[in-house]
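What follows is a set of notes on a single structure, which appears directly below.
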Amino acid sequence: AQSVTQPDIHITVSEGASLELRCNYSYGATPYLFWYVQSPGQGLQLLLKYFSGDTLVQGIKGFEAEFKRSQSSFNLRKPSVHWSDAAEYFCAVARGFNNNDMRFGAGTRLTVKP
Amino acid sequence: DAGVIQSPRHEVTEMGQEVTLRCKPISGHNSLFWYRQTMMRGLELLIYFNNNVPIDDSGMPEDRFSAKMPNASFSTLKIQPSEPRDSAVYFCASNPTVNSPLHFGNGTRLTVT
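Line order of the protein sequences matches chains P and H. In case it helps, the working numbering puts the first sequence at residues 5 to 118. In case it helps, the working numbering puts the second sequence at residues 99 to 211.
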């Protein structure tokens with residue numbers, strides 16, 4: 005079965021600083037990859053997705069992620085963090101090929117310092 | 099588009115009682131998912147349906163849990179009898195096609211005392 009690892013449980017960055025959240029997956033073929041964000045008391049919202057093609061994908065709120073097959077990674081980045089970005093971030097993987105089974109990483113909680 | 103609608107938002111019950119969580123997916127979405135979120139275990143997939151048919155229920159923790167989807171616009175997750183360790187936030191999500199992004203409801207926070 006596929007799995008998703010987010011090595012960082014909690015990250016703190018200063019407002020205006022750059023951000024990178026790590027995500028690694030284990031799956032033989034190229035999976036479908038997603039990043040979601042969760043604000044307190046709410047459900048998850050999609051930030052961006054990768055299915056195929058260009059390995060650098062752009063999402064909402066200024067986020068981007070890069071798929072690196074050689075490293076089995078799909079790290080999320082943002083050049084300049086805003087205080088409103090403080091939330092929990094989840095990486096997710098679906099097996100693709102007509103399989104709707106979607107699994108989530110444990111999440112990374114982002115704190116933004118003023 | 100009203101989004102995925104879950105009810106109730108909060109549920110507090112005593113151990114041994116039956117609990118029913120409800121979900122209305124987005125109209126036109128063919129798949130529905132139930133997830134459970136806890137601090138210890140993160141976001142776990144319990145079960146998902148394609149076209150109202152349960153496809154994978156391997157994540158359902160035990161026989162006390164059951165899920166149904168009698169039609170395309172409604173699903174329930176039932177716990178009978180409930181136990182304190184079932185306390186968690188339960189999310190319902192739907193997507194229009196296989197492997198498309200999920201749309202999540204706001205969750206039901208369940209507390210079993």
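For each residue, glycine too, the CB sits at the ideal point set by N, CA and C. As the structure is a prediction and not an experimental result, all values here were calculated from the model.
For C27 of chain P, the closest C-alpha among the options P:P83, P:A69, P:P118 is that of P:A69.
Three or more beta-carbon pairs separated by less than 8 angstroms are not found between the stretch 139 to 153 of chain H and the stretch 201 to 211 of chain H, which leaves the two stretches without contact.
Minimum Cα-Cα distance from S84 of chain P among the listed residues P:Y31, P:T59, P:Q46, P:K117 corresponds to P:K117.
Distance from the CA of V117 of chain H to the CA of I64 of chain P, rounded to the nearest whole angstrom, comes to 37 angstroms. Going by DSSP, R120 of chain H is part of the beta strand (DSSP E) stretching over 117 to 122. DSSP assignment within the stretch 43 to 73 of chain P yields the following whole beta strand (DSSP E) runs of 3 residues or more, N-terminal first: 48 to 54, 60 to 62, 68 to 72. Between S105 of chain H and N193 of chain H, the C-beta gap is not smaller than 8 angstroms, which leaves the two residues out of contact.
For a Cβ distance threshold of 8 angstroms, residue set L143 of chain H lies close to R107 of chain P, ordered along the chain. At a cut-off of 8 angstroms between beta carbons, A91 of chain P makes no contact with chain H. For N150 of chain H and I177 of chain H, the gap between their C-alpha atoms comes out near 20 angstroms.
Interface flag for L50 of chain P against chain H is set, since a Cβ pair is found closer than 8 angstroms. Under the 8 angstroms criterion on CB atoms, L208 of chain H is classed as non-interfacial with respect to chain P.
Around the beta carbon of L114 of chain P, 16 or more other beta carbons sit within 10 angstroms, so the residue counts as buried.
Taking the beta carbon of N28 of chain P as reference, no residue of chain H falls within 9 angstroms; the closest one sits roughly 15 angstroms away. The three-state reading of DSSP puts R107 of chain H in coil, since its state is none of H, G, I, E or B. Not one beta carbon of chain P lies nearer than 8 angstroms to the beta carbon of F163 of chain H.
Beyond the five residues adjoining it in sequence on each side, Q42 of chain P comes within less than 8 angstroms, by CB distance, of L48, Q49, A91, E92, Y93, F94, G111 in the same chain, given in chain order.
Nothing from the stretch 76 to 89 of chain P brings a Cβ to less than 7 angstroms from some Cβ of chain H.
The beta-carbon distance between C190 of chain H and S173 of chain H, rounded to whole angstroms, is 7 angstroms. This is short enough to meet the 8 angstroms contact definition.
When H:P182, H:G101, H:R134, H:H127 are compared, the shortest CA-CA separation from L119 of chain H is found for H:R134. Beta bridge pairing from DSSP links Q135 of chain H with H:L141, H:V187.
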